[in-house]
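Take a look at the structure set out below.
Chains as they are written, first to last, in the numbering used here: chain A, 3 to 453; chain B, 19 to 302.
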């Protein structure tokens, strides 16, 4: 039998004996990371299909395809190939749309997974390494999104690239050199499309998949953390075996994730590049919003005041602080959070039992505040759309969002902190002995009375 | 008899099977149909997904188990043994060789990294210059020259230097404003023949084409981040994140009455960079 044959050569059975019995705790929030993983599976599958038809080439060609409004227009070979994928290649459009939706859900699932880890304290010793790898994976997923978004070479993605170029060129001292190296010259360049392609289909996926494998190996070695409950201690893991329960559930989740993405890709139109048209350096579509996970960066650019100064002949451009410094700072704080928290709380011990968010009011409050900064900045990326919806001038909308960016996270964080304390207190009240009512009697003593 | 759970799983798998066959049928009999393909694919995948999950939750009698969580750290003895196995003495004793190897490695990295500089040209003065030169005729996107009178008041046109139509960094917006509305700096009073002003179309914030003109307020609005520039006052930024005015193109009319540039933009166009003010040397 084949298993014997393999075992005699690799000794796999002894390893499998333990592996099959490995315990996985059961909680819905533990599935968020799995959803992200399965999105990656869908992304790789659809991405391979798209790669076989996509042409990473910015050479101008004349569009002659079936989409009448663009016939005769000069477009890049890259844009033309995505048009062919959308209109002529069998299942091309559904593959493209599944790929795009899967990318959006991928970053969303990772973000929710990071939130779960954060608010339950699952990043604490011994899991700091996997936290760092996880933040790296989040960054890689965003980089994958940005590079992929730019490949169709349409007007919207070209605008995105232009803003990235402008942020890079503004980095003091090295900015212009860095931007010219990355883009192969002054924007717009023809080389950038093929370079983004190499990053999107080779370098970044290699890092991403390598990172995911490491993430899972560390998880396997360290075993899962678990919520407190009956029979659960800091020295065990309670749950069901890898085989068959976890394998069945994960397989089911893989197929369900893929099914939802297929449905979205089939019936919800996304990134209709024919409506935006090909990239043209002298035009821009309005209103223009990026994919959701880049919105907060765009929102920061929109809200930041026009501060640009020159000191000793060195200019600090307006987009540098909101476009480069603030995102860099936020991600550094996020990545180093486990170490900050351990230093402040002096808690350096290993934890297998998770916190409930209410048990850690300060962490929860700060986390909610940080999340609200992200939410407000994301909303700010739609300030022009919001101004139209509410029928007020975009200037007023922008000023309101500036105030909200400061006020909402502060108030929201305080509110979350307060709610945690109140929840903990009311629980404590239920557990403590019932209160007694005392009445003073005529002798100056006290009597217990009912109530 | 089969249980309810088994029946549910069977139905789910059956739906998946039929959906997959349906997908095959659409390939044979129909043109490509994104909605149909998506829905059938969702049923094919979802049927298996639902079936397997119902199977896992209802038909597997796997008990809850507990597994010990041992500390992962190695014992003191193991650590000592590992240190013994490392035998660093033979290496650390030869510190000169170690340093030399480090130096050789660093030099090798530098030598291998330098070819990356071939990825792009050095910026040089290219960010300070555009294709506009003194005497260059102002032409529209079709290459036709323009007289100030060709523009209606409060109309906008994207123009280029003759011979460089489409040059991204030379794109310029012409706007005709009533001369009495203009409040240009005194040294620029001659740059707007018949009230026609020319400004770089590239936003000084993040480089988007400043595509929207609000005629009643005489402002240019960038659709990317809503930077707003007053065209009457040298495109001074009045709202939004842009801090620098859009550079103004010095213009005049030639003997035939057509608009010509009298030089390049006085400042770099587009987003700011650190040595933007170093306009000395050949930039003028």
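Note that the Cβ used here is the ideal one computed from N, Cα and C, for glycine as well.
query: Bridge partners for residue 217 of chain B per DSSP, in chain order?; result: B/191, B/266
query: Any beta-carbon of chain B closer than 9 Å to the one on residue 71 of chain A?; result: no
query: By the DSSP assignment, the beta strand (DSSP E) with residue 241 of chain A in it spans what residues?; result: 238-243
query: For chain A, find out if any of its Cβ atoms is closer than 9 Å to the Cβ of residue 35 of chain B; answer yes or no.; result: no
query: So residue 280 of chain A and residue 75 of chain A are supposed to be a Cβ contact under 8 Å. How far apart are they, rounded?; result: 6 Å
query: So residue 268 of chain A and residue 59 of chain B are in contact, right, with Cβ under 8 Å, and what is the actual spacing, rounded?; result: 7 Å
query: With the cut-off set at 9 Å, would you say residue 103 of chain A and residue 342 of chain A are in Cβ contact?; result: no
query: Residue 223 of chain A: which of B/64, B/79, B/91 sits nearest, CA to CA?; result: B/91
query: Among B/184, B/41, B/220, which has the Cα closest to the Cα of residue 57 of chain B?; result: B/41
query: Tell me, please, which residues DSSP counts as bridged to residue 85 of chain B.; result: A/239
query: For residue 197 of chain A, which option in A/60, A/387, A/383 has the closest C-alpha, if you only look at C-alpha atoms?; result: A/60
query: Between the beta-carbon of residue 244 of chain A and the beta-carbon of residue 27 of chain A, is there less than 9 Å?; result: no
query: In the structure shown, what three-state DSSP assignment does residue 231 of chain B receive?; result: strand
query: Work out the CA separation of residue 159 of chain A and residue 217 of chain B for me, nearest whole Å.; result: 25 Å
query: How about residue 386 of chain A and residue 235 of chain B: do their beta carbons lie closer than 9 Å?; result: no
query: Just to confirm, is the Cβ distance from residue 210 of chain B to residue 179 of chain B under 9 Å?; result: no
query: Check distances from the C-beta atoms of the segment 283-296 of chain B to those of chain A and list, in chain order, the residues that come in under 9 Å.; result: 288, 289, 290, 291, 292, 293, 294, 295, 296
query: Tell me the residue span of the beta strand (DSSP E) that contains residue 450 of chain A.; result: 448-451
query: Where does the unbroken beta strand (DSSP E) through residue 64 of chain A begin, and where does it stop?; result: 62-64
query: Name, in chain order, the residues that DSSP records as bridge partners for residue 317 of chain A.; result: A/312
query: DSSP state of residue 374 of chain A, grouped into three classes?; result: helix
query: Return helix, strand or coil for residue 156 of chain A, following the three-state DSSP convention.; result: strand
query: If you draw a straight line from the C-alpha of residue 208 of chain B to the C-alpha of residue 193 of chain B, how long is it?; result: 15 Å
query: Nearest CA to the CA of residue 323 of chain A: which residue from A/337, A/304, A/340?; result: A/304
query: Got a sec? Which residues, its chain only, sit under 6 Å from residue 105 of chain A by beta carbon, not counting five neighbours each side?; result: 147
query: Of the residues A/144, A/92, A/181, which one's Cα is nearest the Cα of residue 333 of chain A?; result: A/144
query: Since residue 409 of chain A and residue 399 of chain A should fall inside the 8 Å C-beta cutoff, what is the C-beta to C-beta distance between them, to a whole number of angstroms?; result: Contact doesn't hold; Cβ gap of about 15 Å is too wide.
query: Can you list the residues of chain A that residue 187 of chain B reaches, using a CB-CB cut of under 7 Å?; result: 188
query: Check this for me: beta carbons of residue 223 of chain B and residue 321 of chain A, under 9 Å apart or not?; result: yes
query: Can you give me the Cβ contacts of residue 216 of chain A inside the same chain, cut-off strictly under 8 Å, excluding the 5 residues immediately before and after it?; result: 135
query: What number of angstroms, rounded off, separates the C-alpha of residue 340 of chain A from the C-alpha of residue 99 of chain B?; result: 31 Å
query: According to DSSP, residue 78 of chain A sits in a beta bridge with which residue or residues?; result: A/62
query: Under 6 Å Cβ to Cβ from residue 10 of chain A, same chain only, skipping five residues before and after it: list those, please.; result: none
query: I'd like the list of long-range same chain contacts for residue 225 of chain B, defined as Cβ closer than 7 Å, with 5 residues on each side in sequence excluded.; result: 288, 289
query: So if DSSP puts residue 277 of chain B in a beta bridge, which residue, or which two residues, is it bridged to?; result: B/271
query: Tell me the residue span of the alpha helix (DSSP H) that contains residue 215 of chain A.; result: 206-224
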